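**Student:** Residue numbers (our numbering), protein chains in the order written: chain A, 106 to 414; chain B, 307 to 566. Think of the CB as a built atom: it goes at the ideal place given N, C-alpha and C, for glycine as much as any other residue. Just so you know, these numbers come straight off a predicted model, no measurement behind them. Just passing along the structure, written as structure tokens.
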């Protein structure tokens, strides 16, 4: 089904690079020093609570919001520099930005007209997103799920190598969410870059390869999904430098966690305790972390938010 | 650019706005033209001087000119809506994703408003004659359509009306808020220009009076206004300049504005 309306991606490398993006709205810093790379061929989940700065970040990437500092590049170019941008990047930013008095099909047609895309493709995408029956009805009468589908169809018009979807699961029924998961996986498998934002990890958990976690405008975690959910041991010591050396000597991998703690990649707290004991290091905290992604996500966000108060 | 113009034309054609305004135009033309043709040359008493009668060319031009004024008011509103509609309905995001250059979008919208304005102008002028004819004939006067001045007024009124569409788009882009921009435009036409003309005249700047938007607009069709008017082509240039100038300011102010 995907193959009927989706050709091989064109426009070369769809790598997204954001470098130090910062945006302030008055006294509020919406996004601060946001730096990340989003890779083609993978589905990347852009996660964070509502108001964390996801939409502002995406809008900066798309040239709709001017960053106060930093820059964003798609395949090495700023969005404004793209020739026929819809053929490189497809974006579904929110489900409500349609004229209520215009039909879904006509909405797609005016967007398509800017790039010389014909009505046949419009109709194919309406069929793909299950909107054929509603195509000639005014969008004002659409459900939120139908608006989401229309936004997705709009994002796909130019057959883009990069797809950005802001909260695409909002308003979709469970069946629609399941379909969307499979669809996004298929697009990534074709080598496209797929970036999907959500405030609920469980919505995207089954379909993402990588995650970016944003809280209070800052990137707090990025990497493969397993970065978030790998079972680990949370440890704090009076002498962190010595603990790091001891862990490295014992061949235990770790990452710097929040609040001056280390997150050690192991299932066994006893193992970490033994290493510390052997090195004569007093511990302040030692606890296993369960492999519950949603919990880990919420904890991570809560910690980041506390750290900024 | 032609794709962008096609897209903006499609935007205009695919909501009910264009024919709603067209119906409004026909109604307003009738409301304006009937009394104008009916009372041309009439003494109202209370010392009000009579307007030129229908037997004079200026009287015929004034009667038909009432339709022109209805036409440009509606096309001004149409232009404002074309200029501001994307912000009102959130379609600005999709518009600027497809065409990141805000200047190009503004130009396309002005072209579309001018094209639509030509159509509305044609309808307005045809409707004007259709509505005025029975009234004029009933008063026993001639239609004067064969007169060069009257015919010129009616024909030049069409591009004259279209130019107001360009001004409307520029206002919509500058002021952004659709309802506020419509109010500003309409209040200016009915009150602002009169105050400006009077003010210029009072301060001894009589030479500038002909350059206000309303007077430049009236110059295109000629007729009775009580002011010395520009040549028709100069009136067109002045109106176009207003549109482009307001659009330029709107572009300068808004080209880096965040679309949220």
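For residue 165 of chain A, is the classification buried or exposed, using 16 other Cβ atoms within 10 angstroms of its Cβ as the cut-off for buried?
**Tutor:** With 16 or more Cβ atoms within 10 Å of its Cβ, residue 165 of chain A is classed as buried.
**Student:** Please report the distance separating the alpha-carbon of residue 114 of chain A from that of residue 362 of chain A.
**Tutor:** Note that residue 114 of chain A has pLDDT 43, beneath the 50 cutoff, so the model's placement of it is unreliable and no number is given.
**Student:** On the criterion of 16 or more Cβ atoms from any shown chain inside 10 Å, does residue 314 of chain B qualify as buried, or is it exposed?
**Tutor:** Buried: at least 16 other Cβ atoms inside 10 Å.
**Student:** Please report whether the beta-carbon of residue 288 of chain A lies at a distance below 9 Å from any beta-carbon of chain B.
**Tutor:** Not one chain B Cβ lies under 9 Å of residue 288 of chain A.
**Student:** Give, in chain order, every residue of the stretch 187-199 of chain A whose Cβ lies closer than 7 Å to some Cβ of chain B.
**Tutor:** Going along the stretch 187-199 of chain A in chain order, one finds 190, 191, 196 and 198 with a Cβ nearer than 7 Å to chain B.
**Student:** Between residue 387 of chain B and chain A, is there a C-beta pair that is closer than 9 Å?
**Tutor:** With 9 Å as the cut-off, residue 387 of chain B does not count as an interface residue toward chain A.
**Student:** Examine the Cβ distances between the stretch 465-477 of chain B and the stretch 362-372 of chain B and report whether three or more of them are shorter than 8 Å.
**Tutor:** Touching, no, given that fewer than three Cβ pairs across the two stretches are closer than 8 Å.
**Student:** Buried or exposed for residue 352 of chain A, going by 16 or more other Cβ atoms inside 10 Å?
**Tutor:** Under this definition residue 352 of chain A is a buried residue.
**Student:** State yes or no: is the C-beta of residue 564 of chain B within less than 9 Å of the C-beta of residue 170 of chain A?
**Tutor:** The answer is yes: Cβ separation under 9 Å.
**Student:** Can you find the residues in the same chain that come closer than 7 Å, C-beta to C-beta, to residue 116 of chain A, ignoring five residues on each side of it along the sequence?
**Tutor:** Note that residue 116 of chain A scores a pLDDT of 42, beneath 50, so its modelled location is shaky; the value from the coordinates is reported in the next line. The answer, listed in chain order, is 180, 192, 193 and 266.
**Student:** Tell me the DSSP secondary structure of residue 114 of chain A in three-state form.
**Tutor:** Only weak support is given to the placement of residue 114 of chain A: the predicted model assigns it a pLDDT of 43, under 50, and the value that follows is read from those uncertain coordinates. Looking at residue 114 of chain A - three-state DSSP - the assignment turns out to be coil, as it is neither helix nor strand.
**Student:** Mind listing the chain B neighbours of residue 264 of chain A? Cutoff is C-beta to C-beta under 7 Å, in chain order.
**Tutor:** Those do not exist, as residue 264 of chain A stays about 14 Å from chain B at its closest Cβ, beyond 7 Å.
**Student:** Should residue 422 of chain B be flagged as near chain A, meaning a C-beta pair shorter than 9 Å?
**Tutor:** Chain A, which has no Cβ nearer than 9 Å to the Cβ of residue 422 of chain B, makes this no.
**Student:** Mind listing which residues of the stretch 504-530 of chain B have their C-beta closer than 8 Å to chain A's C-betas, in chain order?
**Tutor:** Listed by position along the chain: nothing, the set is empty.
**Student:** Give the range of the beta strand (DSSP E) segment to which residue 337 of chain A is assigned.
**Tutor:** It spans 337-342 - the beta strand (DSSP E) in which residue 337 of chain A sits, taken as one unbroken run.
**Student:** Let's see if you can read the secondary structure: which residues bound the beta strand (DSSP E) around residue 121 of chain A?
**Tutor:** It spans 121-130 - the beta strand (DSSP E) in which residue 121 of chain A sits, taken as one unbroken run.
**Student:** Straight-line CA distance for residue 364 of chain B to residue 450 of chain B?
**Tutor:** About 11 Å.
**Student:** Are the C-beta of residue 184 of chain A and some C-beta of chain B separated by less than 9 Å?
**Tutor:** It does; some Cβ of chain B falls within 9 Å.
**Student:** So which residues on chain B does residue 322 of chain A lean against when the C-beta distance must stay under 8 Å?
**Tutor:** Simply none; closest approach about 15 Å.
**Student:** My output table needs one value for residue 372 of chain A: the three-state DSSP class, helix, strand or coil.
**Tutor:** Of the three classes helix, strand and coil, the one that applies to residue 372 of chain A here is coil, per DSSP.
**Student:** Report the residues of the stretch 305-320 of chain A with a CB closer than 9 Å to any CB of chain B, ordered along the chain.
**Tutor:** Within the stretch 305-320 of chain A, no residue qualifies.
**Student:** Going along chain A in order, which residues have a C-beta closer than 8 Å to the C-beta of residue 404 of chain B?
**Tutor:** Near residue 404 of chain B (Cβ distances below 8 Å), the residues of chain A are 190, 191, 216, 219 and 220.
**Student:** Reducing DSSP to helix, strand and coil, say where residue 202 of chain A ends up.
**Tutor:** Of the three classes helix, strand and coil, the one that applies to residue 202 of chain A here is coil, per DSSP.
**Student:** Here's a check: name, in chain order, each residue in its chain whose Cβ is nearer than 7 Å to the Cβ of residue 148 of chain A, leaving out the five neighbours to either side.
**Tutor:** These residues qualify, in order along the chain: 289, 290, 293, 299, 301, 312, 313 and 314.
**Student:** In three-state DSSP terms, what is residue 149 of chain A?
**Tutor:** Of the three classes helix, strand and coil, the one that applies to residue 149 of chain A here is strand, per DSSP.
**Student:** To the nearest angstrom, how far is it from the Cα of residue 265 of chain B to the Cα of residue 501 of chain B?
**Tutor:** Outside the displayed span of chain B (307 to 566) sits residue 265 of chain B, for which this structure offers no information.
**Student:** Just to confirm the assignment, what range does the beta strand (DSSP E) spanning residue 389 of chain A have?
**Tutor:** Where residue 389 of chain A is concerned, the enclosing beta strand (DSSP E) stretches over 388-394.
**Student:** Nearest chain A C-beta to residue 412 of chain B closer than 9 Å, yes or no?
**Tutor:** So, not an interface residue.
**Student:** Please list the segments of the alpha helix (DSSP H) lying wholly inside the stretch 161-233 of chain A, counting only runs of 4 or more residues, in order along the chain.
**Tutor:** Runs found: 209-218 and 224-233.
**Student:** Report yes if the CB atom of residue 309 of chain B is closer than 9 Å to the CB atom of residue 221 of chain A, and no otherwise.
**Tutor:** In this structure, residue 221 of chain A lies closer than 9 Å to residue 309 of chain B by Cβ.
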